[in-house]
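To start, the structure under review is shown below, and the notes come after it.
Numbering (the working numbering), first residue to last: 1 to 143.
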């Protein structure tokens, strides 16, 4: 088997071993992308190898919290691990959401190891046109 050497990958692996897997009290970070698409914000989290029932999504006020746990795969007794680079344990990310987002209507979808959250922009935060009233002319003050 040929292997390319990458000193940074080895440093990452050693750091992960020293820190150990993420726990519920000290989770590891998960990579994400966030962008605006039309009238909603989209946040995508990479969670390969995590089952959908091991993902927990909470919103409290304007704080969005996503936690997930990647559990080890059970192996037969005669299996000897040669290389293990996929991190196990708990992963978490917290995002402060703007007041202009509608946290009551967040949609979540999990497909091919990617958790996608769609957060609509609140109606009160969308731009609107203000009409200008035209007066009927000068008025006389009587008194």
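We put the beta carbon where it would ideally sit given N, CA and C, even for glycine.
Bear in mind the structure is a predicted one, so any value in this text is a computation, not a measurement.
Assigned exposure category for residue i - 16 Cβ within 10 Å defines buried
i, result
"residue 73", "exposed"
"residue 66", "buried"
"residue 30", "buried"
"residue 68", "buried"
"residue 71", "exposed"
"residue 47", "buried"
Straight-line gap, residue i to residue j (C-alpha atoms, nearest Å)
i, j, result
"residue 98", "residue 142", "50 angstroms"
"residue 144", "residue 34", "Nothing can be reported for residue 144: it is not among the residues displayed for the chain, which extend from 1 to 143."
"residue 127", "residue 106", "21 angstroms"
"residue 41", "residue 121", "7 angstroms"
"residue 55", "residue 130", "44 angstroms"
"residue 58", "residue 64", "6 angstroms"
"residue 81", "residue 91", "23 angstroms"
"residue 100", "residue 124", "7 angstroms"
"residue 116", "residue 62", "18 angstroms"
"residue 84", "residue 44", "25 angstroms"
Which residues DSSP lists as bridging residue i, in chain order
i, result
"residue 61", "Residue 61 is not bridged to any residue."
"residue 32", "45"
"residue 108", "117"
"residue 37", "40"
Given residue i as reference, the closest of the options once Cα atoms are compared
i, options, result
"residue 118", "129, 102, 46 and 133", "102"
"residue 109", "52, 32 and 139", "52"
"residue 50", "76, 36 and 86", "86"
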